[in-house]
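Residue numbers (this note's numbering): 1 to 745.
All C-beta atoms, glycine included, are put in the ideal place defined by N, C-alpha and C.
Computed from a predicted model, the values in this text were never measured in an experiment.
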Amino acid sequence: MPRLNPPQSPAGLKTSHRRGQKPAATAYVIEACEPRHLLAATFAPAIQLLTDPLPRQSAVGDFNGDGLPDIATIIPEQNEVSILINNGIGTFQHVQRLGDVEPRAIAAGDFNNDGHIDLAVLGPDLTNGNAVVRIFDGRGNGTFVANPHQTHLITGGPTLVPVDLNGDGFLDLVAITNGRLAVMINNRNGTFAKPVYYKIGDQSPTGLAIGDFNGDGVPDVAVTRGRLGQVAIFLGKPSDPGTFYPPAFYNTGGNPSGITLGDFNGDGKLDIAVSNEQFRGSSMAILLGNGDGTFRPASLYGGANFADCITSGDFTGDGHDDIIVGAFDGPLNLYTNDGAGNFAPPTPIQGGQFTQYISTGDFNGDGRPDLLVTPYKYIRLLLNTSGTPAPAVARADSGSGSIQMIASGSTGSFYTVEGTQVTVGVTGPGRATLNFTSSQSVLVPRGLSTIRVTGRVLDSISISGSTAATAVSVRVLGGSLTLNANSIAANSPLGTLAAPRVNIAVLSLPDGVRNVQLLSANDGSVTIGGDARPTLSFGQIGNEAVSLTPAIAQLQILQDMASTTLITPAIGQLTIGGIVNSTMNLTSSSSNDLTSLAVTRGLSSSTIFSAGGLGTLTMATMISSRVLAGVGPLTPDELLPSSASEFSTPASIKSVSLQSDVRTASFANSSIAASSIGSLNLARVQTFNGGAPFGVASQFINSLSGLDLTSKRTFAGRRLSSAAAVTRMFARPRIDPQDLLVRIL
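And the structure:
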């Protein structure tokens with residue numbers, strides 16, 4: 001079958017049009033395929049899973065936490081979703097039917113972050129003629145809660161994709177509607193905000209894929225425009241993740257239907273492949289990415305008429321992303337890749353005739369990607385039998401240990417010695433290496449019984465060959481629901497690290513990261529380099545040396561930061577349980593080194609020092625602590641500046657607010673100082689301090705208020721710019737100014 005290639009311009013293959021402009025029409029020429037000697041993929045005879053009439057899309061996920069991919073398939077003719085649980089040997093057990101849903105599209109993901117896979121089902125809303133996405137919460141045992149949450153759309157389409165668009169650690173949803181892209185942001189509880197729509201410019205788009213096409217760490221969206229013979233690229237806005245620029249359009253030389261992503265030429269940049277649904281034309285188009293969000297002119301390949309679906313993966317086991325295309329009236333075709341983005345003539349896969357929908361997964365746990373295909377009727381499983389999976393490689397430094405390599409687009413699973421199942425996945429370029437120190441035999445639940453497996457102790461995870469488009473995820477199920485690792489380190493850029501149930505000692509990401517989620521960091525160090533503004537989320541940090549080269553967009557610590565030194569230029573939003581025996585040093589000297597701080601339990605024996613200004617600080621208490629902006633250096637026994645010369649910069653604190661409903665003092669033996677202070681509410685102040693010089697120092701305080709716990713009297717003052725103004729503020733409630741120092745310098 002001939003391959004169709006576009007002519008190259010003298011300027012090379014990079015597109016030169018601006019975002020939102022339609023490129024000039026491309027003329028295609030026919031070029032004979034040169035012979036290639038590539039590995040072939042083989043598949044076992046098809047296993048028929050369902051006999052229901054006209055099944056359609058399937059979602060693949062581990063619904064019962066046994067480490068094996070299960071299946072949820074929509075059956076529109078019966079208005080239901082069928083749940084199939086994997087038995088591990090290529091057979092499945094039918095456990096549940098979710099009825100009365102009018103399904104048109106389906107996706108699987110943990111939308112409420114409870115550790116269980118949920119289902120999102122898109123279908124018509126019979127009450128108003130529009131559409132609705134129903135979220136069925138997973139129970140973790142292979143079944144789902146029958147009463148779904150609902151998010152309403154204008155109209156419903158054929159595709160639904162889960163992805164974390166805004167980097168908050170919760171999966172959002174992107175859907176295709178009637179000529180529009182619908183973006184639904186997760187409310188951080190498994191429900192979704194009202195959709196935001198973007199015009200696609202084609203009334204019947206079908207294919208949707210999401211990836212980082214320009215390497216900025218923000219997800220982008222690609223949509224096929226079938227009738228117009230194009231793919232639309234919506235680049236995500238780094239300044240407002242979850243929103244998108246107007247699309248750019250690229251010709252595909254046919255009627256594109258399905259879409260898939262991969263690094264087809266091995267340059268570390270995401271490429272696009274689409275299936276062309278047309279008669280006597282190309283069945284597949286390849287658009288190689290330039291890495292900046294633009295794409296080269298399409299290379300076209302023949303093979304079958306009316307190609308409906310497409311998927312990519314290393315099906316031959318040679319390390320290159322191959323492509324499989326399914327057709328309405330033809331064979332299921334495999335296009336093997338030579339690693340440079342060139343594909344051999346298609347090879348039919350037996351048992352896949354007339355495939356309209358296709359999914360992939362390692363359904364029998366042998367390390368090879370298998371196929372789940374839906375012809376006109378039934379559902380079939382095609383188990384990959386290509387080559388021999390690579391065995392574990394012994395570590396040179398530990399006779400009892402081993403390593404596990406996880407390449408781009410794949411996952412690796414193992415059990416800990418506590419019986420906890422862990423899955424590590426890599427998307428985008430690069431790979432992760434899991435280093436184990438020892439192993440032993442453990443019993444873990446699997447299906448309706450228990451099996452004996454090798455439980456391993458994870459020493460470290462090292463990441464190499466990654467870029468800003470790379471995401472590493474660590475999913476933990478069963479057992480203790482936590483994973484302990486000594487270190488996670490990367491030697492190249494990394495986009496995201498999603499490990500919300502992982503405890504580490506050392507985190508080393510020298511070239512920056514966009515998003516990090518960890519359960520805890522204890523007894524080690526956290527270092528992050530680069531110039532990105534990452535979002536960081538920890539359950540707890542203790543006894544750590546935290547050094548962050550970039551300014552931080554958002555830092556969330558659910559529990560406490562204890563016995564820790566944190567150094568970073570600036571933080572946008574900091575939300576934390578408590579700060580105990582710790583020091584936070586913000587070094588950028590900007591007007592706002594910390595935009596907002598919310599401390600649930602307050603500061604205890606801790607210091608927040610900012611070379612520049614501080615924004616809005618809300619804390620329960622300040623006990624034996626200091627908040628200083630543009631102050632210093634002070635002597636070790638000096639809590640407050642004693643002269644204006646000790647204000648090193650004219651920094652300000654916008655506001656400090658402590659809680660008045662605490663049982664004891666909210667402000668005791670502590671100090672707040674800056675050249676100027678806006679609003680200062682000290683709430684319940686322990687003014688009797690035995691002569692200890694604590695309180696507030698500034699050149700100007702716009703407002704100051706509090707309650708003296710000794711006398712039970714309140715005090716308040718405005719526009720304090722002199723010592724006399726402070727004396728007047730304390731005179732009426734008869735508070736001794738020496739009990740609470742307010743220095744106007």
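R684: member of the beta strand (DSSP E) spanning 676-685, first to last residue.
Counting along the chain, the unbroken beta strand (DSSP E) around A273 starts and ends at 271-276. Your pair S590 and G612 checks out as a contact, with CB atoms roughly 4 Å apart and the cut at 8 Å.
When the Cα atoms are used, L574 and M619 turn out to be separated by approximately 11 Å. Sequence-distant partners of D216 (beyond 5 residues in either direction) whose C-beta falls short of 7 Å from its own C-beta, in its chain, are P238, A468. Considering only I117, T151, V422, F667, the residue with the shortest C-alpha distance to D137 is I117. The beta-carbon separation of F315 and L334, rounded to 7 Å, stays under the 8 Å limit for a contact. In this structure, the alpha-carbon of T710 lies about 53 Å from that of H149. Linking L614 to N592 through their CA atoms gives a straight-line distance of about 5 Å.
Taking C-beta atoms as the reference points, A120 and L153 fail to come closer than 7 Å. The beta strand (DSSP E) runs lying completely inside the segment 515-601 and spanning 3 residues or more are 515-528, 535-548, 552-562, 565-568, 571-580, 583-586, given in chain order. DSSP places A468 in no alpha helix (DSSP H); its state is neither H nor E. By the Cβ rule, the segment 372-386 does not count as touching the segment 431-445, because fewer than three pairs are nearer than 8 Å. Here DSSP, grouped into helix, strand and coil, assigns F694 to coil.
For F730, the enclosing alpha helix (DSSP H) covers residues 723-731. Under DSSP, P256 takes part in a beta bridge, and its partners are N276. Less than 7 Å separates the beta-carbon of A485 from that of L458.
Counted as a single uninterrupted DSSP element, the beta strand (DSSP E) harbouring R501 occupies residues 496-509. Contact check for L287 and D271: beta-carbon distance about 6 Å, within the 8 Å limit, so the pair qualifies. The closest CA to that of G169, considering only A725, V472, I135, is found on V472. Judged by beta-carbon spacing, T687 lies beyond the 7 Å limit of L639, meaning their Cβ atoms are not closer than that value.
Straight-line spacing of the CA atoms in S625 and D736 works out to 22 Å. Considering only R718, F700, P733, Q699, the residue with the shortest C-alpha distance to L707 is P733. Contact annotation, P69 with G361: C-beta distance approximately 4 Å; criterion of less than 8 Å satisfied.
Secondary-structure assignment with DSSP links K199 through a beta bridge to R180.
Taking the Cβ atoms as the reference, G167 lies roughly 4 Å from N515, within the contact range of under 8 Å. Within the segment 276-309, the complete beta strand (DSSP E) segments of 3 residues or longer fall at 284-287, 299-301, listed in chain order. Residue L603 holds the alpha-carbon nearest to the alpha-carbon of A562 among T527, L603, I552.
Between S666 and A651, the C-beta spacing is not below 7 Å. Nearest neighbour of T616 by Cα position, chosen from V513, I552, I677, turns out to be I677. Annotation: the continuous beta strand (DSSP E) that includes N251 extends over 248-251. Residue environment analysis places A40 among the exposed positions, since fewer than 16 neighbouring C-beta atoms fall within 10 angstroms of its C-beta. Spatial neighbours of G109 in its own chain (CB-CB distance under 6 Å, excluding positions within 5 residues in sequence) are listed in chain order as P162, L171. Distance from V426 to T470 at the Cβ level is roughly 7 Å; contact confirmed, criterion being Cβ atoms closer than 8 Å. Beta-carbon to beta-carbon, G207 and P219 are separated by about 16 Å, too far to satisfy the 8 Å threshold.
Excluding sequence positions up to five before and after T155, its CB lies within less than 7 Å of the CB of N130, A131, T177, N178, all in the same chain and listed in chain order.
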